[in-house]
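Following: one structure in structure tokens, then a few remarks.
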Amino acid sequence: MNAVPAIQVEQLHKYYGQNEVLKGIDFRVDAGQVVCVIGPSGSGKSTLLRCVNRLEEPTSGRILVEGIDICDPETDLNAVRSRIGMVFQQFNLFPHMSVLRNLCIAQQRVKGRGKDEAVEIARRNLAKVGLSEKEDAYPAHLSGGQQQRVAIARALSMDPDMMLFDEPTSALDPELVGDVLATMKELASEGMTMMVVTHEMGFAREVGDKLVFMDGGVIVEEGDPREVLGNPHHERTQSFLSKVL
Ligand code: ADP
Ligand code: MG
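Residue numbers (UniProt numbering): 1 to 245.
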């Protein structure tokens, strides 16, 4: 395993005004690991994820992405961000563009790829998420689950070293969740480094290498997913799990 962690967070604090929402987070994701983050609404999961690629500005602490301090003013933030794929609850596809165009536009504008290369890479990633036949479709004509798989393919087309998922299945009808989780599981099995905020405990148990439980801006408990889910040590973890399992 690579000695440099994919993501290392040290004593991260984040305030919104007077409100301290991250209260000294220490956290690490190794290359090739799948780390799942669970916790009640408002516990700071999204804020943590968004700090990792500095969509949010940390108030204090250190965040290293592949050993590079992303808060160092010398750091080329765009270069670091280009290594990190993000998938959100809302898929944020461009509604007026075909699926294929959605997958090509950032490749061409950000990566500077020519059209033919971008199309080839887009098609490869559409095949990976099982949506080759949808390349000419518009997002409105796809199910939510298909749109989310397109969003995953779009992120993959940028060749990220790691993928961050923020509740990728929370906006989906229940019958569409499975296909998206299957796509993510496949990605994990190929060795992608992943940080996944989720309420899908089955996914966390089956696919996660580590499970982190957050509450009130701190990591209350973390460890092997089977251990944390099956034998939680802290009362707060027990209480949360008793409500969601
Ligand atoms: P989670 O993802 O676990 O539900 P969040 O990270 O979204 O939690 O939110 C943590 C806390 O930070 C919440 O109390 C939320 O209201 C607050 N918060 C999140 N984003 C902002 C923001 N942009 N401005 C002010 N407060 C925010
Ligand atoms: Mg959230």
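Ideal placement from N, C-alpha and C gives every residue a C-beta, glycine not left out.
Determine, using beta carbons only, whether T237 and E221 come nearer to each other than 8 Å. yes
Could you give the DSSP three-state label for C36: helix, strand or coil? strand
Could you say which of D26, Y16, G17 lies nearest to E10 if we only look at CA atoms? D26
Same chain only: Cβ atoms within 6 Å of L64, ignoring 5 sequence neighbours per side: Q8
Note down, one range per segment and in chain order, each beta strand (DSSP E) of at least 3 residues found wholly within the region 25-88. 34-38, 60-65, 84-87
Contact set for I38: own chain, Cβ-Cβ below 6 Å, skip 5 residues either direction: F213
Looking only at its own chain, which residues have a Cβ that is under 8 Å from the Cβ of A188, when we skip the five neighbours before and after it? V34, M194, V207
Can you tell me which of L22, G42, I70, V29 puts its alpha carbon nearest to the alpha carbon of G191? V29
Proximal residues to H234 (C-beta, below 6 Å), its chain only, five neighbours per side dropped: V220, E221
Do V197 and the ligand MG come close, with the Cβ less than 7 Å from some heavy atom? yes
Going by the DSSP bridge assignment, what does T193 pair with across the sheet? Looking at the DSSP assignment, T193 forms a beta bridge with M162.
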